[in-house]
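To keep things clear, I will list the structure first and then write my remarks on it.
Numbering (the working numbering), first residue to last: 4 to 371.
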């Protein structure tokens, strides 16, 4: 049973995110990624109204459009002991098969289309697809377009689906929209066929006189699968701004993957319509912006990434708060990764960083 014993002191709103007292700025201090104990603090000034930040702990943004991975490879921009976030930009089909013996992989197709060939069979893919590859799967990527941009989430634990509880198993996306492959084995032989296996970050090449993707049938509950963001049906409330955890799409050890998709905004005039100020103290938050109008974050374009580390305040841009008053719905698609252990920014990411991002909140610009 949830502990309903709550204390309240001073000036506060009885209902979180609704009817914030005039002249105050509500901030959520919570534990365990919006699932744990929580208090709401009512500030006299915006928590992001800073004038200077000295030290490494600050909101970051990178323009992943400017990352330049080698063809067929992926470049890492954030990582920790549980997950690595990468960008891949292939221009041609893989000349070899690949097997990741270190991690499950999730490919999010930001741009481009093609065919994923796997042990289990092929899957066609297009923009907006999540492709989930269990650790140990043999596969080849065959893009059919020249301009390809994939976000790659490398998970050092098994990727799973969240429990949907009282929402029921058909919420967010129905299992019926998940697509799995049917075997279409390659019976090609002759010459030399290379399989590259990654283990502990090192590559081993195994060579065969036939195509190693030659499975003629499979059964079981472990397989490659895909789902598209257009099939995601977000949970919303017209009277209360829900936390991002309701958009959880996949789970790994110590991290979650969430999907932001178009949804109606809150119609109650007293309810907040943009993400509330918070210092989500147990998780780093990363958002990859895929498509649409990102009304809660000013100055962000598709293909960019924001990174908000644990400990420092996080909240909507002042201009976004004003803009939200004129809107009735969101028209954005984005992928969020929340990681429990601190993420590290790579030198490649730092080279394409928007260095002034932390200054885009300003005490002079802040509005309620």
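Idealized CB from N, CA, C, for every residue including glycine.
Quick caveat: nothing in here was measured; it's all calculated off a predicted structure.
- Cβ distance (whole Å) where residue 262 is taken to contact residue 334 below 8 Å: Not confirmed; about 15 Å, so no contact.
- Query: Can you name the residues that DSSP bridges to residue 107?
  - Reply: Looking at the DSSP assignment, residue 107 forms a beta bridge with 158.
- For residue 337, three-class secondary structure by DSSP: Residue state, collapsed to three classes: strand.
- Kindly indicate the opening and closing residues of the beta strand (DSSP E) around residue 205. Note, residue 205: beta strand (DSSP E), 205 to 213.
- Item | Stretch-stretch touch, CB-based, cutoff 8 Å, three pairs: the stretch 250 to 268 with the stretch 211 to 228 | The way I'd put it, the stretch 250 to 268 doesn't touch the stretch 211 to 228; fewer than three beta-carbon pairs between them come closer than 8 Å.
- Task: Could you have a look at residue 28 and say whether DSSP puts it in helix, strand or coil?
- Result: Of the three classes helix, strand and coil, the one that applies to residue 28 here is strand, per DSSP.
- Query: Roughly how many angstroms separate the alpha carbons of residue 20 and residue 274, rounded to a whole number?
  - Reply: Their Cα atoms are separated by approximately 6 Å.
- Proximity below 9 Å, CB of residue 237 to CB of residue 265: In contact: residue 237 and residue 265 (Cβ atoms closer than 9 Å).
- Query: Under a three-way DSSP split, which group does residue 287 fall into?
  - Reply: It is a strand residue.
- Near residue 344, which residues of its chain fall below 7 Å by C-beta distance, leaving aside the five closest residues on each side in sequence? For residue 344, the CB contacts under 7 Å within the same chain, skipping 5 residues up- and downstream, are 83, 84, 85, 257 in chain order.
- Message: Rounding to the nearest angstrom, what Cα-Cα distance links residue 136 and residue 46 in this structure?
- Response: About 45 Å.
- Query: From what residue to what residue does the alpha helix (DSSP H) around residue 64 run?
  - Reply: Annotation for residue 64: no alpha helix (DSSP H) segment contains it, though the beta strand (DSSP E) segment containing it runs 63 to 66.
- Task: Figure out for me which residue from 207, 72, 23, 154 has the closest Cα to the Cα of residue 88.
- Result: When each option's Cα is compared against that of residue 88, the closest is 154.
- Alpha-carbon spacing of residue 310 relative to residue 131, whole angstroms: Each residue's alpha carbon lies about 21 Å from the other.
- Query: Three or more C-beta pairs closer than 8 Å, one from the stretch 73 to 83 and one from the stretch 118 to 126: is that the case here?
  - Reply: Touching, no, given that fewer than three Cβ pairs across the two stretches are closer than 8 Å.
- Query: Is residue 196 helix, strand or coil by DSSP?
  - Reply: It is a strand residue.
- Query: Counting pairs of beta carbons, one from the stretch 274 to 290 and one from the stretch 146 to 164, are three or more of them closer than 8 Å?
  - Reply: Segments in contact, no.
- Query: Could you give the distance in angstroms between the alpha-carbon of residue 15 and the alpha-carbon of residue 29?
  - Reply: Taking the straight line joining both Cα atoms gives about 9 Å.
- Report the rounded CA-to-CA distance for residue 72 versus residue 150, giving the unit in angstroms. Spanning the two alpha carbons is a distance of roughly 13 Å.
- Query: For residue 294, does the three-state DSSP call read helix, strand or coil?
  - Reply: DSSP places residue 294 in strand when its eight states are reduced to three.
- What residue from 12, 13, 11, 23 has the CA that sits closest to residue 243's CA? From the listed residues 12, 13, 11, 23, the smallest Cα separation to residue 243 is found for 23.
- Within 10 angstroms of the Cβ of residue 39, are there 16 or more other Cβ atoms? Answer buried if so, exposed if not. Counting of Cβ neighbours within 10 angstroms places residue 39 among the exposed residues, the total staying below 16.
- Query: Within this structure, are the beta carbons of residue 107 and residue 157 separated by less than 9 Å?
  - Reply: Yes. Within cutoff.
- Query: Which first and last residues belong to the alpha helix (DSSP H) in which residue 351 is found?
  - Reply: Residue 351 -> alpha helix (DSSP H) spans 350 to 353.
- Round the Cβ separation of residue 330 and residue 245 to the nearest angstrom and send it over; I've been treating them as touching at under 8 Å. The pair is not a contact, with the Cβ atoms about 17 Å apart (cut-off 8 Å).
- Within the same chain, show all residues whose beta-carbon is closer than 6 Å to that of residue 307, passing over the 5 residues directly before and after it, in chain order. Sequence-distant partners of residue 307 (beyond 5 residues in either direction) whose C-beta falls short of 6 Å from its own C-beta, in its chain, are 66, 292.
- In angstroms with no decimal places, state the Cα-to-Cα distance between residue 168 and residue 364. The alpha-carbon atoms of residue 168 and residue 364 are separated by roughly 37 Å.
- Query: With burial defined as no fewer than 16 other Cβ atoms inside 10 Å of the residue's Cβ, what is the status of residue 115: buried or exposed?
  - Reply: Buried is the call here.
- Task: Sort out for me which residues DSSP pairs residue 182 with in a bridge.
- Result: Partner(s): 229.
- Message: Quick check: residue 128 and residue 112, are their CB atoms within less than 9 Å of each other?
- Response: A contact, by the Cβ cut-off of 9 Å.
- Query: Of all Cβ atoms in chain C, is any one closer than 9 Å to the Cβ of residue 238?
  - Reply: This model lacks chain C altogether, as it is built from one protein chain only.
- Helix, strand or coil: which one does DSSP assign to residue 253? The DSSP-derived three-state label of residue 253 is strand.
- Task: State the CB to CB distance for the pair residue 318 and residue 51, rounded to an integer number of angstroms; the pair is presumed to be in contact (CB under 8 Å).
- Result: Contact holds; Cβ gap of about 5 Å.
- Task: Quick one: grab the DSSP three-state call for residue 247.
- Result: Three-state result, residue 247: helix.
- Message: Less than 6 Å between C-beta atoms, sequence neighbours within five positions excluded: which residues of the same chain meet that for residue 2?
- Response: Since the displayed the chain opens at 4 and closes at 371, residue 2 lies outside it and no answer follows.
- Message: Please state the DSSP three-state secondary structure of residue 99.
- Response: Residue 99: coil per DSSP, three-state reduction.
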